[in-house]
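Residue numbers for the sequence shown follow full-length UniProt numbering, beginning at 2 and rising by one. Working notes for the structure below.
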Amino acid sequence: SRNITILGLESSCDDTAAAIVRTRDDAAPEILSSVVAGQTALHADYGGVVPEIAARAHTEKLDLCVEEALEDAGLSLRDLDAIAVTAGPGLIGGVLAGVMTAKGLSAATGLPLIGVNHLAGHALTPRLTGDADYPYLMLLVSGGHCQFLVAEGPETFRRLGGTIDDAPGEAFDKAARLLGLPQPGGPSVEREAAKGDAGRFRLPRPLLDRPGADLSFSGLKTALLRERDKLVAAQGGITKQDRADLCAAFQAAVVDVLAEKSRRALVDYLALNPPAPLFAVAGGVAANTAIRAALETVSANLGTAFIAPPLALCTDNAAMIAWAGIERFRAGHRDDMTLAARPRWPL
Ligand code: KG4
Ligand code: ZN
């Protein structure tokens, strides 16, 4: 059986990453190296990712990340079969930086170039970390995305629903900002929620009254703001306990919405009669213990296996891009120097 070894590049948001993944026809894929250079500190003063700063940092760091990924894997460019790169969706400056780097490597070595959809990278991760067979249901839940996808093949995704406004990670980040907690907001809010009483404030469960698996999170943030302002008006500020209780109420609302919408998406997916039903979650928000537990319960109630990849492969990384590249490579897909960077690229 033949080895396929692919270098993946990722630079669509605020992480610069390079990784090498190798596969054999019959064995589990192997992550030979995975380098991620984050930019949290660069954007800390701005309360969010600044596209120009991100693009410049990607341009500065991509070559180093590639060198490090090769070195960690003990390989040289000669040992590779192809270069895979995130070609969208994402911040255009960052995506361009990655695509230019990949084209340079491809031109210098003659290796084929493979453009990968960042969302496909997340959605195919269960096949990198475990033996997920098509079709499986995927909840992709991060700072920028929230959608239910049935993965039917490396390039075939059936969308069962998604957010109509904010992504949950974005909602966690905004909630943290409203309550004076540090970014990224998800971990801060989760930490506070553990000390709070989720029953003290009643926040809405947006869209649960409507059928289907579409979600909404922006109203939740507005409702949180209103509760905070009521406290400020009544007592001149909020106490530590108020803050913990607000975090607990907010997280409970997100958990309820994600759990009920997951249940509905799962019912739709099970109607396709998959031979080995599987529900998987990926994206930074999948790091939340309460959310993971709720999704696991929903799956168990419907007799479906559940997997959440290790955290480092849930958040943005290049191993998932290398892996998606391998799947496309196997399917015979090749790109050339006309490969474009796409800020928008729905699956
Ligand atoms: O996938 P990711 O690293 O980047 C993209 O958005 O593509 O996700 C980052 C998001 C942030 O919004 C962050 O607040 C959220 O994931 N997050 C969490 C937790 N850890 C990270 N949200 C809720 N609970 C967490 N423990
Ligand atoms: Zn992502």
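From the three backbone atoms N, C-alpha and C, an ideal C-beta is built for every residue, glycine too. In this text, all values refer to a predicted model and were calculated from it rather than measured experimentally.
Residue range of the unbroken alpha helix (DSSP H) whose run includes residue i
i	result
isoleucine 327	320 to 331
tyrosine 270	241 to 271
threonine 187	Reading off the sequence, residue 187 comes out as glycine, not threonine. First-last of the alpha helix (DSSP H) with glycine 187: 186 to 194.
alanine 42	41 to 44
threonine 87	Looking at the DSSP string, threonine 87 is not in any alpha helix (DSSP H); the run it does join, the beta strand (DSSP E), is 83 to 89.
leucine 312	312 to 315
Secondary structure of residue i, DSSP reduced to three states
i	result
serine 35	strand
phenylalanine 173	helix
aspartate 27	coil
valine 286	helix
aspartate 16	strand
valine 50	coil
glycine 122	helix
threonine 298	helix
glycine 75	coil
leucine 179	helix
alanine 133	coil
leucine 106	helix
proline 205	coil
proline 127	helix
aspartate 210	coil
Residue i vs residue j beta-carbon contact at 7 Å
i	j	result
isoleucine 308	leucine 259	no
residue 1	leucine 180	No information on residue 1 is available, as it lies outside the stretch 2 to 348 that the chain covers here.
isoleucine 7	alanine 98	no
serine 300	phenylalanine 280	yes
valine 96	glycine 105	no
cysteine 147	leucine 216	yes
lysine 62	threonine 17	yes
alanine 124	alanine 319	no
glycine 145	alanine 168	yes
alanine 214	arginine 265	yes
alanine 42	cysteine 66	no
serine 263	leucine 140	yes
glycine 326	glycine 9	yes
proline 311	threonine 126	no
glycine 187	glycine 170	yes
serine 13	threonine 87	yes
glutamate 156	leucine 209	no
aspartate 15	glutamine 40	yes
leucine 250	alanine 199	The question names leucine, yet the displayed sequence has alanine at residue 250. Their beta carbons are under 7 Å apart, which means alanine 250 touches alanine 199 by this criterion.
valine 142	alanine 287	yes
Residue(s) in a DSSP beta bridge with residue i
i	result
methionine 139	Leu150, Ala281
leucine 97	Partner(s): none; leucine 97 has no beta bridge.
phenylalanine 307	Phe280
valine 67	Its beta-bridge partners do not exist; DSSP assigns none.
glutamate 11	Ala18
glycine 116	Val86
isoleucine 5	Thr24
aspartate 336	Leu114
leucine 216	Thr164
Residue-chain proximity (residue i, chain D), Cβ-Cβ < 7 Å
i	result
tryptophan 346	Absent here is chain D; the protein component of the structure consists of one chain.
Environment of residue i [buried if 16+ CB atoms lie within 10 Å]
i	result
methionine 321	buried
residue 353	Missing from the structure shown is residue 353; the chain here goes from 2 to 348 and no further.
lysine 175	buried
tyrosine 137	buried
isoleucine 165	exposed
glycine 284	buried
glycine 122	buried
aspartate 336	buried
glutamate 68	exposed
aspartate 27	exposed
serine 77	exposed
threonine 339	exposed
aspartate 230	exposed
valine 268	exposed
glycine 333	exposed
N- and C-terminal bounds of the beta strand (DSSP E) containing residue i
i	result
cysteine 220	Note that residue 220 is glycine in the sequence shown here, rather than cysteine. Run containing glycine 220: none in the beta strand (DSSP E); it sits in the alpha helix (DSSP H), 219 to 236.
arginine 345	Looking at the DSSP string, arginine 345 is not in any beta strand (DSSP E), and its letter there is neither H nor E.
arginine 159	157 to 163
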